[in-house]
Amino acid sequence: MFSQEPELANPQEDKTGHCRLLQQENTLVRARFQLLRTTAAMKTTLVTLTLCLVVFMATGFPFERKGGAQSGSPAKEKRVQYAAWDDVNVIAHGLLQLGQGLKEHVDKTKVQMRDISSKLKVFNRTVTELGKESQKLRVEGEALKARAHGLEDREGQLLNVTAELREKAEEMQQERRAMSDRMGRLEERVDSMLQGGAGLPDTDAGAKNNSDARNIQLMLEAQNRRIDDLMERIRLQQEKLDKQNVRIRTLQSQVQQSRQRSASLGSSNTDGSVQSGVAEQRDSPVEMASDCHELFLRGETTSGVYTIQPMNAEPFEVFCEMKADGGWTVIQRRQDGSVDFDQLWQAYEKGFGGLNGEFWLGLENIHSIVKDGGYILNIKLSDWIGDLATVRLPFHLGGKETKYSLQIQKADAFTVLETSLGTDATSSLPFSTRDQDNDQKDDTNCAKHLSGGWWFSNCGRSNLNGRYFQSPPPKQRHQRKQGIFWKTWRGRYYPLKYSMMMIAPAAIQSKS
Ligand SMILES: [Ca+2]
Numbered sequence: 001m002f003s004q005e006p007e008l009a010n011p012q013e014d015k016t017g018h019c020r021l022l023q024q025e026n027t028l029v030r031a032r033f034q035l036l037r038t039t040a041a042m043k044t045t046l047v048t049l050t051l052c053l054v055v056f057m058a059t060g061f062p063f064e065r066k067g068g069a070q071s072g073s074p075a076k077e078k079r080v081q082y083a084a085w086d087d088v089n090v091i092a093h094g095l096l097q098l099g100q101g102l103k104e105h106v107d108k109t110k111v112q113m114r115d116i117s118s119k120l121k122v123f124n125r126t127v128t129e130l131g132k133e134s135q136k137l138r139v140e141g142e143a144l145k146a147r148a149h150g151l152e153d154r155e156g157q158l159l160n161v162t163a164e165l166r167e168k169a170e171e172m173q174q175e176r177r178a179m180s181d182r183m184g185r186l187e188e189r190v191d192s193m194l195q196g197g198a199g200l201p202d203t204d205a206g207a208k209n210n211s212d213a214r215n216i217q218l219m220l221e222a223q224n225r226r227i228d229d230l231m232e233r234i235r236l237q238q239e240k241l242d243k244q245n246v247r248i249r250t251l252q253s254q255v256q257q258s259r260q261r262s263a264s265l266g267s268s269n270t271d272g273s274v275q276s277g278v279a280e281q282r283d284s285p286v287e288m289a290s291d292c293h294e295l296f297l298r299g300e301t302t303s304g305v306y307t308i309q310p311m312n313a314e315p316f317e318v319f320c321e322m323k324a325d326g327g328w329t330v331i332q333r334r335q336d337g338s339v340d341f342d343q344l345w346q347a348y349e350k351g352f353g354g355l356n357g358e359f360w361l362g363l364e365n366i367h368s369i370v371k372d373g374g375y376i377l378n379i380k381l382s383d384w385i386g387d388l389a390t391v392r393l394p395f396h397l398g399g400k401e402t403k404y405s406l407q408i409q410k411a412d413a414f415t416v417l418e419t420s421l422g423t424d425a426t427s428s429l430p431f432s433t434r435d436q437d438n439d440q441k442d443d444t445n446c447a448k449h450l451s452g453g454w455w456f457s458n459c460g461r462s463n464l465n466g467r468y469f470q471s472p473p474p475k476q477r478h479q480r481k482q483g484i485f486w487k488t489w490r491g492r493y494y495p496l497k498y499s500m501m502m503i504a505p506a507a508i509q510s511k512s
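Written as structure tokens, this is what we have:
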């Protein structure tokens, strides 16, 4: 945009210079024409003079000859001689006049020549000046053009830097929020510890000398140990309670099944014996666990593939992530791109992939585990430099009739990290795939626009079932947006390296 200015300015300058040059040239041509006219007049005068001389010679000579031959009449001869002198006088006078005229012409021509040469000098000087000026203008134009190019380059660099800065600022903001959350929690802990040690002598005075400070520290440490002990005792109590709960549930289901069996026996005695035999085989000796946490409570501590059977559902295999705080049922895992997640509704309903690698457990299976509510969703994410993020959200998942609507239930406000999936208590998000557009964006099919199936709202908040990109991720935005992303962690256009989603009863939350 800047490069056009010198190009526009130059022709104008050149035009005025050109006009001036043309004027000068005109004057010069006129002067030359005058000079030519003068020369022609001089030539005519000279020719006239020569002609006069020739006439004079032609007339004068015969008189002299006549005089010499006719010596016999001296009077007549003298008269002729006088007449000849008169003629000579007339001619001489004419010649004098001609000479004067010639001199005047020569003088005039000299003045004109002097005029012309001075004009020529001025013209030459003007031409040189104009040449210098146009040269200067050209140099200035070049310099301006170079500066414009430089400015354009800088503008481009500036735009790049601005974009980078904006991204970094976003990241910083997230980090800052996470830090402030952590600080808040730490402050709370410190406050609670200080309150616990309120019975001590005046802390302000004590802080002034080292020994008092050490005493306070020791007290705090003792307090911490006591709190830890208490927490451990609570954990053990909770575990005992959980185990008792499981036992009660097992007994309840056994009671229910025996009731059903006796009812069917009562209705038909002949066929019933076969049916009850099958039921007994399936139920005994131990009833299957309804999820991984139940397996954990029964003493399983190794992560791996187990068979579970939620209430009123067929048994199926799951991968259990056994942790210190309990058993987590894994419902999704992304780690190497070995499984295609761009699947249709039916596949997302039934599940796909391999439990030891990448997989989706299936909406129907997930729903059968969590249908009674009280579960939490635990999401683990990793970026390409090894940073990890964890999101824990209490949730409820509706059945097929609600299109497996996800409702995140939280007493307090969502943190920034949680808002990428969080919904407010009154609304819920149905599941969407390429062939079933249930998202909240009217003019777009988010699953088709991006990739995979997900609880899409407006397409842009999160999608952990997107395309898997190996590092380094693609440079094109329209490709990157199809990736696995969590907007409020690494941004909308950062394809994540790893994702794992797992579920467990909410009771686990209070212990971790
Ligand atoms: Ca839509």
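Start counting the sequence shown at 1; every next residue gets the next number (full-length UniProt numbering). All residues carry an ideal CB built from backbone N, CA and C; glycine is no exception.
Helix, strand or coil at residue i according to DSSP, with G and I counted as helix
i           : result
TRP384      : coil
ASN215      : helix
VAL90       : helix
residue 516 : What the structure shows of the chain is the stretch from 1 to 512, and residue 516 is not part of that stretch, so it cannot be assessed.
LEU363      : helix
ASN463      : strand
GLN436      : strand
MET231      : helix
PHE431      : coil
ARG298      : coil
LYS475      : coil
GLY354      : coil
GLY199      : Interpretation of GLY199 is limited by its pLDDT of 47, a score under 50 that renders its predicted location unreliable; no figure is taken from the coordinates.
GLY184      : helix
Cβ-Cβ distance between residue i and residue j below 8 Å
i           : j      : result
THR307      : ALA504 : no
SER382      : LYS497 : yes
ILE379      : ASP291 : no
SER397      : ILE376 : Residue identity check: residue 397 is Leu in the sequence provided, not Ser. No. Outside cutoff.
ARG461      : LEU417 : no
LYS481      : LEU450 : yes
ARG333      : GLU358 : yes
LEU355      : VAL391 : no
ALA506      : GLY374 : yes
residue 513 : LYS410 : Any answer about residue 513 is impossible in this case: the structure gives the chain only from 1 up to 512.
Length of the line joining the Cα atoms of residue i and residue j
i      : j      : result
GLU171 : LEU151 : 30 Å
TYR348 : GLY156 : 45 Å
LYS441 : ILE385 : 33 Å
THR301 : ASP336 : 26 Å
LYS132 : ILE116 : 24 Å
VAL106 : SER134 : 41 Å
ASP435 : LEU344 : 6 Å
PRO473 : PHE316 : 36 Å
ASP229 : LEU236 : 11 Å
ALA279 : ALA413 : Its pLDDT being 36, under 50, ALA279 is placed unreliably by the model, and the measurement read from it follows with that caveat. So the two alpha carbons sit approximately 47 Å from each other.
THR128 : ARG154 : 39 Å
ALA148 : GLU164 : 24 Å
SER284 : HIS293 : Because the pLDDT of SER284 is 42, which lies under 50, any placement of that residue in the model is unreliable, and the number read from its coordinates should be weighed accordingly. About 21 Å.
SER500 : ASP342 : Note that residue 500 corresponds to Met in the displayed sequence, not to Ser. In a straight line, the C-alpha of MET500 is about 17 Å away from that of ASP342.
TRP360 : MET231 : 36 Å
SER211 : ASP191 : 22 Å
ARG185 : GLN238 : 24 Å
GLY99  : HIS93  : 10 Å
According to DSSP, residues forming a beta bridge with residue i
i      : result
MET179 : According to DSSP, MET179 bridges with nothing at all.
ARG292 : The sequence shown places Cys at residue 292, not Arg. DSSP, once it has assigned bridges, lists no residue as partnering CYS292.
GLU321 : TRP328
ILE408 : PHE395
VAL305 : PHE319
TYR468 : DSSP, once it has assigned bridges, lists no residue as partnering TYR468.
ILE376 : PRO394, ALA504
TYR498 : SER382
Chain-order list of residues whose beta-carbon lies under 7 Å from that of residue i (same chain, five-residue window excluded)
i      : result
THR419 : THR488
SER432 : ASN438, ASP439, CYS446, ALA447, GLY453, TRP454, PHE456
MET502 : GLU321, TRP328, THR329, VAL330, ILE331, ASN378
GLN217 : none
GLN407 : PHE395, HIS396, THR423, SER428
THR444 : CYS459
Same chain, Cβ closer than 6 Å to residue i, five either side skipped, listed in chain order
i      : result
GLU483 : Strictly speaking, residue 483 in this sequence is Gly, with Glu absent from that position. Closer than 6 Å at Cβ, skipping near neighbours: GLY466, ARG467, PHE469, PRO495.
GLU364 : GLU349
PRO430 : LYS403, SER405, ASN438
ASP242 : LEU297
ILE508 : ASP325, GLY326
Own chain, CB closer than 8 Å to residue i, minus 5 neighbours either side, in chain order
i      : result
ARG492 : GLY460, LYS481, PHE485
ARG477 : TYR493
Residue i: CB within 7 Å of a non-hydrogen atom of ligand 3
i      : result
ASN458 : Among the ligands in the structure shown, ligand 3 does not appear; only ligand 1 can be found there.
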